[in-house]
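Chemist: Here it is, the structure, as structure tokens.
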Amino acid sequence: MQSVQHNKALSALAKALLVLLLATPAIATLSSKQREGENRRMAEPPHRPTSVEEALKYSASFDAWANDNFSLRAALVRLNTKVRYKLFGQYPTGQVVQGQEGRTFLTTSHPAAPAYAMVFSACGYQTEVTDLLDAHIKRLLSLSREHGIEANLLVVPSSPAVHVDQLPQWASALCHTATPPMQRWLAQPGIPDAVRQHVAYPLQQMRDASRETDLFPRTFFHWGGAGPRLTAEWTLRQFYGVQPSEATPYVSRKEWLPSDIGHLFPGIKRPSEVDVMDMAASHIDFCYGAACFDKPPAILKDFEVIRLRNHNAPRKRLVLITDSFGPPAAPWFARYYQEIVLFNANTLYLVKQEADMEQIRQFVFADAARSDVIVLYHDATVHAARIKQDFSRLLPGF
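Numbers -28 to -1, 1 to 370, taken from mature numbering (1 follows the signal peptide of the UniProt record, and there is no 0), label the letters of the sequence shown in order.
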């Protein structure tokens, strides 16, 4: 009898400790003056006081810094995250949600953004940007040609648009009532063929292919493996009439890689299997950074730039102007090109001096008139008016 009572007491104690553990972050947040939860900025190391006033504040500053950096806080945050995910399948942030069939979705790009903003933008639920797309896409195509650049636009459908059936059931139901904005824009009867042929949005092809293979690793935001490989085939056939049989052979291997959004859920390991190209075995020379180019402008060090070379490829040169979806795709495009220059425009807004901007233009568009040029953005980038934001700087007169 005593043994039974003892076991019950231990069980009750364990439950109480678990509840206390789960409640600790919430209690701490409610009692914190910063009221910013676990995503707050850690306290900075205190500086040596230079006045009586600073000396009086030194003790509190030192305590805050020591608590953040030399306590068990980080370990407890990771433990709390693990327990919540194990028991309830919940991530520690509203920016990430567990979908169906093991798929994880990034729901917002910033913790202050409206809930599920990226999901609903991709699938088109309560999202109306047709006029914006019409103005920006047509202007990009016409103005680039005025500058002697035959630019084409590839808009990559993101995971919520492709894997709509794997969203949480309630979100999937809402998205099934909507049409993705790019699909809605392309369905307009008034778009000239001269415009339509220079814009690729392979939503249906990706949905069909996703029934056979993963185009997005299951716990990733970005695509990988078959996603960019197949999209390169479809896109180059549409834009330039290139056949998949023209691509050089490749060697790849399956690797289990940590999630590219794992920094949002410390303490949880959610790797995915990714088909990774072995570029050396595929005879593709990959070089990352400004040093890959002859006499690069100094400003180029602030950008993600990549150079790939494949001497056996059928086509000469491709310029890829991209967002973060470009780098995972570049090696697969390199099967068709002797040289690829990739410029990631995500940090273009940081350039303040016109002289620096002019150097970037000269770098990106050097020999562009004799190159294939593809702007590769994923859907959220296009919906956020980034075409206008970026190309009003890259192409004067936008």
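Backbone N, C-alpha and C define an ideal beta-carbon position, used for all residues, glycine too.
Note that the structure is predicted; figures quoted are calculated from it, not measured.
S217: buried (16+ other C-beta within 10 angstroms of its C-beta) or exposed?
Modeler: Under this definition S217 is an exposed residue.
Chemist: Express the C-alpha separation of H194 and F363 in angstroms, rounding to a whole number.
Modeler: Distance between the alpha carbons of F363 and H194 is about 23 angstroms.
Chemist: Taking only three categories from DSSP, how would you classify W195?
Modeler: Residue state, collapsed to three classes: coil.
Chemist: From Y212, Q215, S224 and V128, pick the residue whose C-alpha is nearest to that of R179; which is it?
Modeler: Ranking Y212, Q215, S224 and V128 by Cα distance to R179 puts V128 first.
Chemist: Cα separation between Q70 and Y63?
Modeler: Distance between the alpha carbons of Q70 and Y63 is about 8 angstroms.
Chemist: Who are the near neighbours of A340 in its chain, counting only those whose CB is closer than 7 angstroms to its CB and skipping five residues on each side?
Modeler: The residues are I121 and V291.
Chemist: Starting from the Cα of A262, find the closest Cα among I278, K29, Y212 and W228 and give me that residue.
Modeler: Among I278, K29, Y212 and W228, the Cα nearest to that of A262 belongs to I278.
Chemist: According to DSSP, which residues form a beta bridge with W228?
Modeler: According to DSSP, W228 bridges with E245.
Chemist: At the level of alpha carbons, what is the spacing between W228 and S244?
Modeler: Those two C-alpha atoms are separated by around 5 angstroms.
Chemist: For the beta strand (DSSP E) that F335 lies in, which residues bound it at each end?
Modeler: No beta strand (DSSP E) contains F335, which is instead part of the alpha helix (DSSP H) from E326 to V336.
Chemist: Quick check on F315: buried or exposed, where buried means 16 or more other Cβ atoms within 10 Å of its Cβ?
Modeler: F315 is buried by the Cβ-count criterion.
Chemist: Please report the residue range of the beta strand (DSSP E) in which A123 lies.
Modeler: Where A123 is concerned, the enclosing beta strand (DSSP E) stretches over A123 to V128.
Chemist: In the DSSP assignment, what are the bridge partners of N316?
Modeler: According to DSSP, which records beta bridges pairwise, N316 is partnered with T294.
Chemist: Can you give me the Cβ contacts of R287 inside the same chain, cut-off strictly under 6 angstroms, excluding the 5 residues immediately before and after it?
Modeler: Correct list, in chain order: Y308 and Y309.
Chemist: Along the chain, where does the beta strand (DSSP E) that runs through V345 open and close?
Modeler: Its beta strand (DSSP E) spans residues D344 to H350.
Chemist: What does the alpha-carbon distance come out to for the pair K267 and D295?
Modeler: Approximately 24 angstroms between the Cα atoms of the pair.
Chemist: Should A259 be labelled buried (16 or more other beta-carbon atoms within 10 Å of its own) or exposed?
Modeler: According to the sequence provided, residue 259 is Cys. The question's Ala does not apply to it. It is exposed - the Cβ of C259 has fewer than 16 other Cβ atoms within 10 Å.
Chemist: Let me check understanding here. Comparing Cα to Cα, which of V345, A172 and L320 lies closest to E311?
Modeler: Ranking the options by Cα distance to E311, first place goes to V345.
Chemist: Thinking just about the alpha-carbon of each residue, which of G369, Y88 and E276 is nearest to the one in I293?
Modeler: The residue with the shortest Cα to Cα distance from I293 is E276.
Chemist: With a threshold of 8 angstroms, are at least 3 pairs of Cβ atoms found where one atom belongs to the segment 92 to 108 and the other to the segment 349 to 357?
Modeler: Verdict: yes, contact present.
Chemist: Apply the 10 Å Cβ neighbour rule to W304 and answer buried if 16 or more other Cβ atoms are within range, or exposed otherwise.
Modeler: It counts as buried.
Chemist: Note down the Cα distance separating P86 from N318, rounded to an integer number of angstroms.
Modeler: Approximately 21 angstroms between the Cα atoms of the pair.
Chemist: Counting C-beta neighbours from all protein chains within 10 Å, is the total for P299 16 or more, i.e. buried, or is it exposed?
Modeler: Per the 10 Å Cβ criterion, buried.
Chemist: Can you say whether Q72 is buried or exposed, counting buried as having 16 or more other CB atoms within 10 angstroms of its CB?
Modeler: Q72 is exposed by the Cβ-count criterion.
Chemist: For the beta strand (DSSP E) containing T99, list its first residue and its last residue.
Modeler: From DSSP, T99 is part of no beta strand (DSSP E); its letter is neither H nor E.
Chemist: Buried or exposed for L59, going by 16 or more other Cβ atoms inside 10 Å?
Modeler: Exposed.
Chemist: Starting from F363, trace the alpha helix (DSSP H) in both directions and tell me its first and last residue.
Modeler: First-last of the alpha helix (DSSP H) with F363: R358 to L366.
Chemist: If you count every other CB in all the chains shown that lies within 10 Å of the CB of M14, and 16 or more means buried, which is it?
Modeler: That one is exposed.
Chemist: Hey, quick one: how far does the alpha helix (DSSP H) through residue 381 stretch, first residue to last?
Modeler: Because the chain spans -28 through 370 in this model, residue 381 falls outside it and cannot be assessed.
Chemist: According to DSSP, what are the bridge partners of A172?
Modeler: DSSP, once it has assigned bridges, lists L126 as partnering A172.
Chemist: Go ahead and label E26 buried or exposed: buried means 16 or more other beta carbons lie within 10 angstroms of its beta carbon, across all protein chains shown.
Modeler: Looking at its Cβ environment, which holds fewer than 16 other Cβ atoms inside 10 Å, E26 is exposed.
Chemist: Check whether the Cβ atoms of S182 and H148 lie closer than 8 angstroms to each other.
Modeler: Cβ atoms of S182 and H148: not closer than 8 angstroms.
Chemist: Decide if W142 is buried, meaning its Cβ has at least 16 other Cβ atoms within 10 Å, or exposed.
Modeler: By the neighbour-count rule (16 or more Cβ atoms within 10 Å), W142 is not buried but exposed.
Chemist: In whole angstroms, what is the alpha-carbon distance linking P83 and V68?
Modeler: About 10 angstroms.
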